[in-house]
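The structure appears below as structure tokens.
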Amino acid sequence: DAGVIQSPRHEVTEMGQEVTLRCKPISGHNSLFWYRQTMMRGLELLIYFNNNVPIDDSGMPEDRFSAKMPNASFSTLKIQPSEPRDSAVYFCASSLTGGEGDTQYFGPGTRLTVL
Amino acid sequence: AQTVTQSQPEMSVQEAETVTLSCTYDTSESNYYLFWYKQPPSRQMILVIRQEAYKQQNATENRFSVNFQKAAKSFSLKISDSQLGDTAMYFCAFMKRSNDMRFGAGTRLTVKP
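Chains as they are written, first to last, in our numbering: chain A, 3 to 117; chain B, 2 to 114.
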């Protein structure tokens with residue numbers, strides 16, 4: 003079975019440009035998570051969807067960040083406009099139900115560099 | 002708030018030997034879940050092992066096992082017969098609710114030939 007799929011694996015862009023990261027969760031999983039990993043702050047949860055509905059977006063750093071999940075098999079994280087401090091590895095993860103203790107399975111991540 | 006502490010930023014072990022990575026956490030909850038994830042140079046976050054706090058029996062997954070001490074709030078990972086492919090960052094994580102999984106800062110493990 004395919005795991006969580008993320009694209010692109012690497013993205014280099016210039017400050018001010020729009021960036022869109024993509025994620026396909028594991029088939030049959032109902033919950034999806036976006037994380038950001040930096041050296042300074044480690045792994046941080048940005049937003050959590052359950053059944054395609056955003057449940058908790060309190061980790062989204064600011065209005066420049068937005069996430070959508072138009073269907074059960076696709077989600078996007080958009081940064082507009084991007085800034086150098088957004089440089090990080092962005093992970094998407096999915097879990098079967100999103101219930102208490104449900105294991106999260108991570109994608110390979112997207113390394114974003116904003117120049 | 003829950004916090005997760007990994008006090009060993011870096012560790013090394015000889016191939017075929019055993020190594021233990023430490024993790025402590027702080028919580029007032031009685032039921033929760035603990036995880037160890039591995040992040041090799043490929044950057045992929047891979048689940049190593051999972052423990053439910055209400056289970057007294059320590060989880061085991063092949064060469065990987067945990068020592069879960071609930072009273073001490075300790076959750077260490079033991080890797081037996083270390084292999085070169087075990088070289089990675091290891092993250093301990095605490096979860097009460099799905100949208101509140103807290104990760105430690107990680108331990109970088111190097112397995113030496």
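Built from N, CA and C at the ideal position, the CB exists for glycine as well.
Since the model is a prediction, treat every value here as computed from it, not as a measurement.
(request) Output the distance between the C-alpha atoms of K71 (chain B) and K113 (chain B), rounded to the nearest integer angstrom. (result) 32 Å
(request) Following the continuous beta strand (DSSP E) through I47 (chain B), name the residue where it begins and the one where it ends. (result) I47 (chain B) -> beta strand (DSSP E) spans 47 to 53.
(message) Since S84 (chain A) and V6 (chain A) should fall inside the 8 Å C-beta cutoff, what is the C-beta to C-beta distance between them, to a whole number of angstroms?
(response) So it is not a contact: roughly 23 Å between Cβ atoms.
(request) Report yes or no: is there a C-beta of chain A within less than 8 Å of the C-beta of A89 (chain B)? (result) no
(request) Could you name the residues of the region 80 to 112 of chain A whose beta carbon sits closer than 9 Å to any beta carbon of chain B, in the order they occur along the chain? (result) Within the region 80 to 112 of chain A, the residues whose Cβ lies closer than 9 Å to some Cβ of chain B are V91, F93, A95, S97, T99, G100, G101, E102, G103, D104, T105, Q106, Y107, F108, G109, P110, G111, listed in chain order.
(request) Quick one: list the residues of chain A neighbouring Y26 (chain B), beta-carbon separation under 8 Å, in chain order. (result) Those do not exist, as Y26 (chain B) stays about 14 Å from chain A at its closest Cβ, beyond 8 Å.
(message) Counting only beta-carbon separations shorter than 8 Å, does Q7 (chain B) have a partner in chain A?
(response) no
(message) Please tell me whether G103 (chain A) and M96 (chain B) are closer than 8 Å, where the distance is taken between their beta carbons.
(response) yes
(message) Would you call the region 25 to 43 of chain A in contact with the region 88 to 106 of chain A, where contact means no fewer than 3 C-beta pairs closer than 8 Å?
(response) yes
(request) Would you mind working out which of A:D59, A:M62, A:F67, A:T15 sits nearest L117 (chain A), comparing C-alpha positions? (result) A:T15
(message) Could you check whether the Cβ of Q57 (chain B) sits closer than 8 Å to any Cβ belonging to chain A?
(response) no
(message) Within a Cβ cutoff of 6 Å, which residues of the same chain sit near M46 (chain B), ignoring the five residues on either side of it in sequence?
(response) Excluding residues up to 5 positions away in sequence, Y38, Q40 lie with their Cβ nearer than 6 Å to the Cβ of M46 (chain B) in the same chain.
(message) If contacts are defined as beta-carbon pairs under 8 Å, then L23 (chain A) and Y92 (chain A) qualify, I think. What distance do you get, rounded to the angstrom?
(response) 5 Å
(message) Does chain B have any CB closer than 8 Å to the CB of I7 (chain A)?
(response) no
(request) Can you grab the Cα-Cα spacing for the pair M12 (chain B) / Y91 (chain B), in whole Å? (result) 10 Å
(request) Given a cut-off of 8 Å, decide if A89 (chain B) and F104 (chain B) are closer than it, judged by their beta-carbon atoms. (result) no
(message) Going by C-alpha to C-alpha distance, which of A:S9, A:L98, A:N73 sits closest to C131 (chain A)?
(response) With chain A covering 3 to 117 only, the question about residue 131 (chain A) has no answer from this structure.
(request) Please state if the CB of T6 (chain B) and the CB of L78 (chain B) are separated by a distance shorter than 8 Å. (result) no
(message) Which residue marks the beginning of the beta strand (DSSP E) containing C25 (chain A), and which one marks its end?
(response) Boundaries of the beta strand (DSSP E) around C25 (chain A): 21 to 26.
(request) Using a threshold of 8 Å, state whether the C-beta atoms of A74 (chain A) and T40 (chain A) are closer than that. (result) no
(message) Out of A:G100, A:D88, A:G101, which one is the CA nearest neighbour of T112 (chain A)?
(response) A:D88
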